[in-house]
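Chemist: Please see the structure below; I have some questions.
As structure tokens, this is what we get:
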């Protein structure tokens with residue numbers, strides 16, 4: 007669609023713009039949106055939605071009245087809520103008394119404010135650039151605009167490629183129009199709020215990102231592992247570091263999801279509402295399994311040795327993560343009351359996950375055996391060849407960690423199938439809290455106060471009176 | 098019938114045609130044929146540990162699967178390629194067929210065991226009683 011210069015129509019500005027102009031790359035063009043029409047605007051010192059709504063009204067009216075169904079303004083695929091550039095209007099002296107039909111909702115017409123950068127000072131309205139747009143409608147639009155009596159001293163939308171007529175004639179205020187405008191103002195206000203919230207979210211995410219990057223930088227330079235054991239010093243591969251970062255972010259999300267579950271349960275939401283929260287939590291878990299697939303490819307040993315988890319969790323580690331049957335065992339006692347069918351389902355799930363775990367464990371054992379056979383001593387004909395074979399076998403580790411994660415994921419999904427929505431919500435809350443406690447335990451353990459040894463004996467012999475008096479007090483001694 | 102015709106193989110050399118089919122046969126057909134010969138058929142390779150895991154899984158359930166080791170089969174190579182095409186991914190093994198129908202690679206087998214669909218399938222194929 008062509009971009010028509012308003013200047014050619016000979017329209018004169020009835021009042022000079024109040025703000026100074028500068029040109030910006032229009033949002034749509036910047037983002038590669040399809041720009042069906044042109045709408046030049048200037049940036050002022052403040053973005054007024056007021057002008058936007060006028061344009062919406064005028065646009066809607068015009069479209070409605072357009073007999074020739076010109077290629078209508080096709081909004082971009084995404085609803086453009088945040089046009090960053092204000093729309094400037096030119097006051098057009100106008101006036102027929104034709105009252106337009108109901109404009110289509112503002113949503114249909116001018117959602118994308120787009121234009122090409124131009125050295126034009128005069129804006130154009132987002133109307134179809136069909137030349138045959140009747141002038142009457144533009145008159146009506148213009149007078150609509152003048153009627154609304156916006157308090158801003160802004161110019162009105164200028165209409166493209168039309169001959170301008172002469173003077174304005176006053177029209178009566180149309181009740182429908184008034185209501186429409188009020189609705190538009192409301193919508194505009196909501197959009198403003200949404201935009202503000204979105205921008206704040208972006209800002210906080212940005213800050214968080216820089217913080218994470220700083221953490222990573224610092225930890226890397228110190229050679230520590232992130233998100234886990236303190237004190238282990240060593241090189242960490244980039245794949246592992248990336249996963250650790252993603253995991254700590256996932257943990258923060260986990261906290262958020264869990265509090266949603268908690269409030270959802272306490273608020274006695276409807277089942278369908280709770281279902282949404284539960285499904286979101288399941289997707290949250292799906293996310294970490296996706297991340298682990300990538301991590302397994304990058305650094306399988308990081309996963310298998312559990313260096314991404316805390317020490318207490320590492321204690322229970324099975325093939326790079328939790329053991330599904332153990333998790334179910336933990337849950338079984340807390341999930342009452344269950345129907346008989348549910349009980350059967352849960353026990354059957356535990357049974358099948360045990361079988362699957364056993365099978366994977368045996369497969370891994372065979373891998374280890376085979377690896378040992380390859381690299382163990384004995385007559386070595388070709389050392390490099392031997393190493394190459396061993397490397398090939400080692401690569402199978404990734405497959406086992408993947409299958410183990412697959413098993414974990416399937417188990418969680420099956421749990422949510424067996425349980426009712428409320429039970430599932432409680433169940434996932436329990437799981438989250440369980441691991442939270444494990445992690446807290448790890449932190450406490452790592453930061454526990456240690457007595458310095460006075461002798462080689464256990465500290466209970468090098469004690470103060472206090473400790474003698476309280477033998478049950480746990481002494482942390484250096485072994 | 099006349100024997101000098103240049104028509105179809107069948108009318109001229111029936112035995113040769115059968116032999117030709119066996120030798121030049123489509124590996125996928127062979128896979129399907131083998132898969133339907135037993136209730137549970139696992140395509141495997143003797144050196145593959147994941148295959149070992151899936152064998153242990155079925156044995157642990159009390160199923161006696163029939164195992165075809167591709168690295169010990171003369172046509173193993175072709176069948177391996179056919180399996181990769183069938184699965185749309187590598188590795189080709191392990192692959193499990195139950196009742197002549199494809200269940201899938203390890204992840205599908207595990208998923209179907211966890212979601213409870215594997216055992217009924219095994220019972221239906223007569224591989225499992227109870």
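Residue numbers (our numbering), protein chains in the order written: chain A, 7 to 485; chain B, 98 to 227.
Think of the CB as a built atom: it goes at the ideal place given N, C-alpha and C, for glycine as much as any other residue.
From a predicted model like this one, the values you see are computed outputs, not experimental measurements.
1) Can you tell me whether DSSP reads residue 200 of chain B as helix, strand or coil?
2) Since residue 146 of chain B contacts residue 369 of chain A with CB under 8 Å, what's their CB separation in whole angstroms?
3) Which term fits residue 159 of chain B, buried or exposed, when burial requires 16 or more other beta carbons within 10 angstroms of its beta carbon?
4) What are the partner residues of residue 314 of chain A, as DSSP defines its beta bridges?
5) Of the residues B:226, B:174, B:170 and B:165, which one's Cα is nearest the Cα of residue 193 of chain B?
6) Quick check on DSSP: helix, strand or coil for residue 256 of chain A?
7) Do the CB positions of residue 408 of chain A and residue 246 of chain A come within less than 8 Å of each other?
8) Are the C-beta atoms of residue 161 of chain B and some chain A residue less than 8 Å apart?
9) Report the three-state DSSP secondary structure of residue 242 of chain A (helix, strand or coil).
10) Along the segment 185-208 of chain B, what residues have a CB closer than 7 Å to any CB found in chain A?
11) State yes or no: is the beta carbon of residue 6 of chain A nearer than 8 Å to at least one beta carbon in chain B?
12) With a threshold of 6 Å on Cβ separation, who are the neighbours of residue 3 of chain A within its own chain once the five nearest residues in sequence on each side are excluded?
13) Measure the CB-CB distance between residue 331 of chain A and residue 375 of chain A and report whether it falls below 8 Å.
14) Is any beta-carbon of chain A found at less than 8 Å from that of residue 220 of chain B?
15) In whole angstroms, give me the CA-to-CA distance for residue 214 of chain B and residue 201 of chain B.
16) DSSP on residue 381 of chain A, reduced to helix/strand/coil?
17) Using only the alpha-carbon positions, how far apart do residue 261 of chain A and residue 175 of chain B sit?
18) Provide the residue(s) that pair with residue 165 of chain B in DSSP beta bridges, ordered along the chain.
19) Between residue 288 of chain A and residue 400 of chain A, is the Cβ-Cβ spacing less than 8 Å?
20) Determine, using beta-carbon pairs with one atom in the segment 170-185 of chain B and one in the segment 122-134 of chain B, whether at least three such pairs fall under 8 Å.
21) Suppose the cutoff is 6 Å on Cβ atoms and the five residues either side in sequence are ignored; what does the same chain contact list for residue 319 of chain A look like?
22) So, residue 377 of chain A versus residue 150 of chain B, is the Cβ gap smaller than 8 Å?
23) Would you verify that the beta carbon of residue 376 of chain A is, or is not, closer than 8 Å to some beta carbon of chain B?
24) Within the 8 Å Cβ cut-off, does residue 211 of chain B reach chain A?
25) Comparing the C-beta of residue 359 of chain A with each C-beta of chain B, is any distance below 8 Å?
26) Within 8 Å (strictly less), CB to CB, does residue 369 of chain A reach chain B?
27) Using a 10 Å radius around the Cβ and a threshold of 16 neighbouring Cβ atoms, would you call residue 298 of chain A buried or exposed?
28) Would a check of beta-carbon distances place residue 345 of chain A closer than 8 Å to chain B?
29) For residue 342 of chain A, count neighbouring C-beta atoms within 10 Å of its own C-beta (all shown protein chains included) and say buried if the count is 16 or more, exposed if not.
30) Should residue 208 of chain B be labelled buried (16 or more other beta-carbon atoms within 10 Å of its own) or exposed?
31) Could you check where the beta strand (DSSP E) with residue 300 of chain A kicks off and where it finishes?
32) In terms of DSSP beta bridges, what is residue 324 of chain A paired with?
33) Closer than 9 Å between beta carbons: that is the criterion. Which residues of the segment 132-150 of chain B meet it against chain A?
34) Note down the Cα distance separating residue 194 of chain A from residue 207 of chain A, rounded to an integer number of angstroms.
35) Let's test the definition: count the other Cβ atoms within 10 Å of the Cβ of residue 433 of chain A and tell me whether it reaches 16, buried, or not, exposed.
36) Taking residue 395 of chain A as part of the alpha helix (DSSP H), name the residues at either end of that continuous run.
Modeler: Considering the structure as presented:
1) strand
2) 5 Å
3) exposed
4) Beta-bridge pairing links residue 314 of chain A to no other residue.
5) B:165
6) helix
7) no
8) no
9) coil
10) 203, 204, 207 and 208
11) An answer regarding residue 6 of chain A cannot be provided, because it is not within the stretch 7 to 485 covered by chain A.
12) Nothing about residue 3 of chain A can be read from this structure; chain A reaches only from 7 to 485.
13) no
14) no
15) 13 Å
16) helix
17) 51 Å
18) B:140
19) no
20) yes
21) 444
22) no
23) yes
24) yes
25) yes
26) yes
27) buried
28) no
29) exposed
30) buried
31) From DSSP, residue 300 of chain A is part of no beta strand (DSSP E) but of the alpha helix (DSSP H) over 277-304.
32) A:327
33) 144, 145, 146, 147, 148, 149 and 150
34) 20 Å
35) buried
36) 389-400
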